[in-house]
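Peer 1: In the numbering used here, the protein residues as written are 662 to 954.
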């Protein structure tokens with residue numbers, strides 16, 4: 662498995678899904694990324710492409726044709742090609758093929774680069790449209806962090822911190838419809854952006870923050886010092902998640918460009934919430950960072 666490291670961190674990325682599998686903190690001698698224990702959740706940090714979340718009723722429409730699509734698209738379950746690797750960065754590439762074109766009728770090239778700089782890992786997505794026609798897509802990150810970092814602690818000893826406001830508005834996924842319910846927003850009151858990880862925080866699945874409210878999110882140790890920070894400047898949506906109704910020892914900080922469909926959405930793909938349009942021959946790039954403190 663390709664690895665990059667410096668005196669502070671060691672990072673491993675798997676060709677399957679171009680998935681970040683490990684950030685080992687040499688200073689504190691512990692693993693930061695969730696170990697994918699299937700008893701809770703069998704992934705580390707999947708890439709969500711060309712969809713984030715579920716499409717309404719498991720299918721989407723484009724030019725009058727209906728296509729079945731599973732949750733979070735298909736890139737996370739495909740083998741990427743290692744394109745380049747050096748002491749600081751690893752780049753994987755996934756290209757459309759006959760299999761993808763049957764369920765997603767757009768040629769594409771998806772490159773994912775992980776770059777290590779001191780205490781910070783930068784994750785860069787590059788989507789290229791090699792055709793003449795426009796393509797439509799969403800893309801997102803889903804990194805899960807070990808919480809607690811210390812076995813003697815508990816997940817509920819930790820805190821989350823958002824930067825920018827004291828009050829945030831979020832929406833939830835309707836369990837029956839398996840779609841977002843923007844008509845019933847909820848308020849998250851914080852103490853200067855800080856709020857505790859409680860037993861029931863994730864009872865209703867992911868907390869979804871739209872409208873660019875969350876550009877920087879940290880997980881804090883019990884003493885409220887920072888453990889890990891994810892920065893996603895310019896991202897329109899953000900998800901906060903752990904397995905509902907469990908004591909799952911991880912928390913996901915999820916930067917999204919696009920998200921799950923709203924309840925009742927039956928429009929065409931170009932009308933989907935947060936979808937990106939990429940003209941023929943153009944390249945889309947976005948990046949977020951993970952800082953280990």
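Every residue gets a Cβ at the ideal spot worked out from N, C-alpha and C, and that includes glycine.
(1) Would you list the residues sitting across from residue 714 in a DSSP beta bridge?
(2) How big is the Cα-Cα spacing for residue 927 and residue 851?
(3) At which residues does the alpha helix (DSSP H) containing residue 764 begin and terminate?
(4) Quick one: what does DSSP say residue 675 is sitting in, helix, strand or coil?
(5) Between residue 935 and residue 898, is the Cβ-Cβ spacing less than 8 Å?
(6) May I have the straight-line CA-CA distance separating residue 816 from residue 931, to the nearest angstrom?
(7) Over the uninterrupted beta strand (DSSP E) stretch that includes residue 866, give me the two end residues.
(8) Go ahead and pull the three-state DSSP assignment for residue 794.
(9) Residue 940: buried (16+ other C-beta within 10 angstroms of its C-beta) or exposed?
(10) With the cut-off set at 8 Å, would you say residue 951 and residue 912 are in Cβ contact?
(11) Nearest to residue 756 by CA position, among 773, 745, 763 and 768, is which residue?
(12) To the nearest angstrom, how far is the alpha carbon of residue 883 from that of residue 875?
(13) Does the distance from the C-beta atom of residue 736 to that of residue 771 stay below 8 Å?
(14) Taking the alpha carbon of residue 821 as the point to measure from, which residue in 859, 786 and 697 has its own alpha carbon closest?
(15) Where does residue 777 sit, in a helix, a strand or coil, going by DSSP?
(16) Is it buried or exposed for residue 744, if we count other Cβ within 10 angstroms and need 16 for buried?
(17) When you compare the CB positions of residue 798 and residue 788, do they come within less than 8 Å of one another, or not?
(18) Using DSSP bridges, identify the partner residues of residue 833.
(19) What does the alpha-carbon distance come out to for the pair residue 675 and residue 668?
(20) Pull the bridge partners of residue 856 from the DSSP assignment, please.
(21) Starting from residue 743, trace the beta strand (DSSP E) in both directions and tell me its first and last residue.
(22) Within the same chain, show all residues whose beta-carbon is closer than 6 Å to that of residue 919, passing over the 5 residues directly before and after it, in chain order.
Peer 2: The answer reads as follows:
(1) DSSP, once it has assigned bridges, lists no residue as partnering residue 714.
(2) 36 Å
(3) 759-764
(4) strand
(5) Residue 935 is a Cβ neighbour of residue 898, given a cutoff of 8 Å.
(6) 40 Å
(7) Looking at the DSSP string, residue 866 is not in any beta strand (DSSP E), and its letter there is neither H nor E.
(8) coil
(9) exposed
(10) Going by C-beta atoms, residue 951 is not nearer than 8 Å to residue 912.
(11) 768
(12) 22 Å
(13) yes
(14) 859
(15) Residue 777 falls in the strand class under three-state DSSP.
(16) exposed
(17) yes
(18) Answer is none; residue 833 lacks a bridge partner.
(19) C-alpha separation (whole angstroms): 21 Å.
(20) 821
(21) 742-746
(22) Once the five neighbours on either side are set aside, the close Cβ partners of residue 919 are 713, 799, 935 and 936.
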